[in-house]
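Taking this note's numbering, I'd label the letters of the sequence shown as residues 171 to 369.
Below is one structure, written out as structure tokens; comments come after it.
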Amino acid sequence: MFAYLATFSTFAALVLEVFTLLACTFNQPFLRDIYFVRYYNSDSFIVFGLWGYCTSTNGHYVTSCSANVAAFDWTTARNLSDYGVSFPSMGTVFLAQFILYWIVFAITLGSLLVTMLGHFGRQVDLLASFATFLGFILMLVVFIMLLVISLRGVNQAYSSHHDSNGFLGPCIWMNLGAMIALFCSSFWYCFSCIFARRN
């Protein structure tokens, strides 16, 4: 029972991570609506994803998206200052966040595959418990990094002299959901290892 709950929550974390990886990659109806943060003023907005950003010149819907770049540095986005937001160059921070996110994705996928192919054995559940707990710790680091950067920009936009503001996007909450799911998976795999009967 615990192993099935753990597998379900690991799968849920994986789905949320995939959605976050696809954020702002193309100007398509679903992909342009998932982002980490949106900065806006009266007639335009900009949204950021893991691979790039999308902009709107009419304030209602995305009109264009940037080329996809691994470890995209938000500070290089064109016209970011139009929203009252200015960051120092943070290329290494975004590179670290990008690498950590891919590590968490690999851990989550690996845990899911190993437990399903290992038929929920005791050793496999113990390994998956450690792996998903490591994934939770790394996702916590990524979440804190993204939250601090996003909120810093929101505060700058709000306090600027422009008619600008900002808010957190769905990807922040997807990261939080994936982090919670990995935490639950870790304990459920551990409980499965300790309490479940084995043939």
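Idealized CB from N, CA, C, for every residue including glycine.
Just so we're clear, the structure is a prediction, and the values are computed from it rather than from any experiment.
Looking at residue j and residue i, is the spacing between their C-beta atoms short of 8 Å?
i	j	result
residue 397	residue 358	The structure shown has nothing for residue 397, since the chain only spans 171 to 369.
residue 181	residue 220	no
residue 352	residue 312	no
residue 234	residue 225	yes
residue 355	residue 214	no
Using the beta-carbon count (16 or more within 10 Å), is residue i buried or exposed?
i	result
residue 364	exposed
residue 227	exposed
residue 249	exposed
residue 295	buried
residue 171	exposed
residue 343	exposed
Among the options, whose alpha-carbon lies nearest the alpha-carbon of residue i?
i	options	result
residue 205	249, 340 and 212	340
residue 315	355, 266 and 171	266
residue 222	239, 214, 208 and 231	239
residue 232	202, 323, 208 and 362	202
residue 211	300, 274, 273 and 252	252
Across the segment 256–264 and the segment 306–313, are there enough close Cβ pairs to call them in contact, namely three or more that are closer than 8 Å? Judged by Cβ distances under 8 Å, the segment 256–264 makes no contact with the segment 306–313, as fewer than three pairs qualify.
Enumerated in chain order, which unbroken segments of the alpha helix (DSSP H) with a length of 4 residues or greater are wholly contained in the segment 238–304? Runs found: 261–287.
Alpha helix (DSSP H) runs contained entirely in the segment 308–365, provided each spans 4 or more residues: Along the segment 308–365, the alpha helix (DSSP H) occurs as fully enclosed runs of 4 or more residues at 340–365, listed in sequence order.
Would you call the segment 276–290 and the segment 311–328 touching, i.e. three or more CB-CB distances under 8 Å? No: fewer than three Cβ pairs fall under 8 Å.
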